[in-house]
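Residue numbers (UniProt numbering): 1 to 340. Ideal Cβ placement from N, Cα and C applies to all residues, glycine included. Only a predicted model underlies this, so the values are computations on that prediction, with no experimental measurement involved.
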Amino acid sequence: MSGIVDQRPQRARGDKRAGKTPASALFWRLFLLNALVFVAGAVVLMFSPATVSTPVAAAEVTVLTLGLALMLAVNAVLLRTSLRPLDGLTALMERVDLLRPGERLAVRGNGDVTHLVRTFNDMLDRLETERGASSAQALAAQEGERQRIAQELHDEIGQSLTAVLLGLKRTVDRAPDDLRAELRTVQELIRASLDEVRQVARRLRPGVLEDLGLLSAMNALATDFSQASEVPITRRLDQRLPALGRDAELVLYRIAQESLTNIARHACASRAELALTRERDGVVMRITDDGRGLNGSAEGAGIRGMRERAILIGAHLTLGPTSAGGTEVRLVVPVEAERG
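Okay, structure coming up:
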């Protein structure tokens, strides 16, 4: 980042030494175009047989009107040609989104407007780089906080509930018959709460991903999704996937986790599919459902978080409808990102 910061003042000083900024250069360009048109018109009038009498004759008015119209038309064509790139630049400014990086305006020629387009493209490069760096720091802090909370849930709350269960078991063994049934009901409630705490800790910190690898983590994630949502899920997991970097595996897991969570909460689906395959473009993950789809709804924090994670490893994320009317989440991890 420091190299970029140092270069910008140098370019600015170079423009000042030349006595011309982009704004003044565009002004003089337009001024010279207009001057060229009027000079050409004056030369034509000087060497043409046309004259202007007093009072002005109708034929002379027609000639002057046609000449003025011709000069305005030529001036409009020249200005339109010079300023046409600004239309594309304006459209790009309106639709640019740092979560969908890579969109740029083609640079043609060496004019002043072309310099403006090139400067805007450079600015987008810097913004996307800075956004990626800040997102990486934020997501790294988020993962660290998730691990800390998962560890506290496991070590403190989990162990406390386990101690309560052991103490309650001894109480049940010594309790009279009329209280034993109620105490066992409480015992089952505490045991269910302990299972929920362990599931939350497992979602916060995917230990199976670190211990057994990506495929085992995806299988466990699909199993938990089916048990929690009662939506059957079809799995197509390629056993011959190339070795992925730790960051790429974590991004794949988190995006799959968020996608399945959205299906369980919002899709009202009757079935889902999780596919992880190796294709020519790289490793491709598809998560589809037959639910009600996006229906033009705005992207929430979950989807924007998925896009930020994809940017971190240079992956391409798309969301769209399926032929069955549901939603497809498609993530393509390029070959470069596979090596971490």
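Of the listed residues the options, nearest to residue i (C-alpha basis)
i: Ala140; options: Ile190, Leu72, Val251; result: Val251
i: Ala220; options: Glu188, Gly245, Leu241, Gln257; result: Gln257
i: Leu213; options: Glu188, Asp247, Ala192; result: Looking at the sequence itself, residue 213 is Gly, so the reference to Leu does not match. Among Glu188, Asp247, Ala192, the Cα nearest to that of Gly213 belongs to Asp247.
i: Leu70; options: Ala58, Phe38, Leu183; result: Phe38
i: Met93; options: Val284, Arg198, Leu209, Leu124; result: Leu124
i: Val284; options: Glu299, Leu194, Ile255; result: Ile255
i: Gly320; options: Leu312, Asp87, Ala310, Arg286; result: Arg286
i: Asp299; options: Val63, Glu152, Arg100, Thr81; result: One point to set straight first is that residue 299 is Glu, not Asp, in the sequence displayed. When only C-alpha atoms are compared, the closest one is Arg100.
i: Leu295; options: Ala310, Gly282, Gly325; result: In the sequence on display, residue 295 carries Asn and not Leu. Of Ala310, Gly282, Gly325, the residue nearest in Cα terms is Gly325.
Burial state of residue i, where buried means 16 or more other Cβ atoms lie within 10 Å
i: Phe31; result: exposed
i: Ser160; result: exposed
i: Thr327; result: buried
i: Val231; result: buried
i: Ala301; result: exposed
i: Gly144; result: exposed
i: Arg205; result: buried
i: Leu105; result: buried
i: Val44; result: exposed
i: Leu260; result: buried
i: Thr288; result: buried
i: Arg307; result: buried
i: Gly293; result: buried
i: Lys16; result: Per-residue confidence for Lys16 stands at a pLDDT of 42, beneath the threshold of 50, marking its modelled position as unreliable; no derived number is given.
i: Asn262; result: buried
i: Ala222; result: buried
i: Leu72; result: exposed
i: Phe331; result: The amino acid occupying residue 331 in the given sequence is Leu; Phe does not appear at that position. When all chains shown are included, Leu331 counts as buried.
i: Val77; result: exposed
i: Gly88; result: exposed
i: Pro176; result: exposed
Through-space distance from residue j to residue i, alpha-carbon basis
i: Ser134; j: Glu128; result: 10 Å
i: Ala136; j: Leu244; result: 18 Å
i: Ser229; j: Glu273; result: 14 Å
i: Gly314; j: Ser297; result: 26 Å
i: Leu241; j: Ala275; result: 12 Å
i: Gly167; j: Arg174; result: 11 Å
i: Arg95; j: Asp290; result: 30 Å
i: Glu130; j: Val107; result: 23 Å
i: Arg203; j: Ala269; result: 22 Å
i: Ile181; j: Arg191; result: Note that residue 181 is Ala in the sequence shown, not Ile. If you take the alpha carbons of Ala181 and Arg191, they lie about 15 Å apart.
i: Val333; j: Arg280; result: 11 Å
i: Gln142; j: Gln187; result: 35 Å
i: Ala337; j: Arg304; result: Residue placement at Ala337 is poorly supported in this model, since its pLDDT is 48, which falls under 50; the coordinates still yield a value, given next. The straight-line gap from Cα to Cα measures roughly 20 Å.
i: Thr318; j: Ala150; result: 30 Å
i: Thr234; j: Gln199; result: 22 Å
i: Glu152; j: Arg265; result: 27 Å
i: Asn34; j: Asn75; result: 6 Å
i: Gln147; j: Asp155; result: 12 Å
i: Gly158; j: Asp178; result: 30 Å
i: Leu64; j: Leu36; result: 18 Å
Bridge partners - residue i, DSSP secondary structure assignment
i: Leu319; result: Val329
i: Val284; result: Thr277, Val332
i: Leu237; result: Leu276
i: Asp289; result: Ala272
Residue i Cβ short of 6 Å to the ligand ADP heavy atom set
i: Val172; result: By its list of ligands, the structure shown contains no ligand whatsoever, and the ligand ADP lies outside what it can speak to.
CB contact check: residue i to chain C, cutoff 7 Å
i: Ala106; result: In the displayed structure, chain C is absent; only one protein chain is listed.
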